[in-house]
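A quick write-up on the structure given underneath.
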Amino acid sequence: MSRIGLKVINVPDQVTVTKKGDDITVKGPKGELTRRFDSKIAFSQENGEIRFSRSNENDKALHGTQRANLASMIEGVINGYKKKLTLVGVGYRAQAQGKKLTLNVGYSHPVEMQAPEGIEVKTPSATEIEIDGISKQVVGQFAAEIRAVRSPEPYKGKGIRYSNEIVRRKEGKTGK
């Protein structure tokens, strides 16, 4: 039995959750998110609590996933999500101008990236990038795309990494 899927989601007063067909919309102080949910999982809302239930034991994974997705949507419209990235390497730097992020990470040309809708990109320093937004999925995806421009390498540790990421270093060749 899915334990996560059986947990009740408490909806705060400042958030409204509405269902129209298979789409569930969550509105809160930071914005609005809409997502399509699978019709195999039943949705019920009463007295500020939301419960998901399944009719079939084969849908355990979907049951827990949909409950977690809705809980993330509610958290996002209240507090939002933030990812921090760090650039490590001589001459590596980032610069944000509105929705455009320019990365100089050792290539012969600067790499320019456009932030998706609903995402705010900041560069507090030349080697730090902050990504803010209300959708956990979009924030995480954009952070992964930035990291993929120059993933950290194991010998010198150069590249773009999450601020809490630990890169395991290798020793390298010895001259024998």
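Going by the numbering used here, the residue at position 42 of the sequence shown is 445; the numbering climbs one at a time, nothing skipped. Just so you know, even glycine gets a beta-carbon here, dropped at the ideal spot from N, CA and C.
Asked, Found
"Whole-number beta carbon distance between residue 477 and residue 412, since they are thought to touch under 8 Å", "7 Å"
"Residue 522 classed as buried or exposed, judged by whether at least 16 other C-beta atoms fall within 10 angstroms", "buried"
"Close beta carbons around residue 437, own chain, < 6 Å, minus the five adjacent residues each side", "426, 428"
"Coil, strand or helix - residue 459 by DSSP", "coil"
"Start-to-end residues for the beta strand (DSSP E) that takes in residue 499", "496-500"
"Option in 559, 443, 575, 545 with minimal Cα separation from residue 502", "545"
"Bridge partners - residue 449, DSSP secondary structure assignment", "452"
"Residue 466, buried or exposed, once every other Cβ within 10 Å from all chains shown has been counted against 16", "buried"
"6 Å Cβ shell around residue 421 - same chain, five flanking residues per side excluded", "428"
"Presumed contact (8 Å Cβ cut-off) between residue 484 and residue 431, rounded CB distance", "Residue 484 to residue 431, Cβ: 13 Å. No contact."
"Selection from 439, 434, 458 that minimises the alpha carbon distance to residue 445", "458"
"Local conformation of residue 480 per DSSP, three classes", "helix"
"Three-way DSSP call (helix, strand, coil) for residue 539 in this model", "helix"
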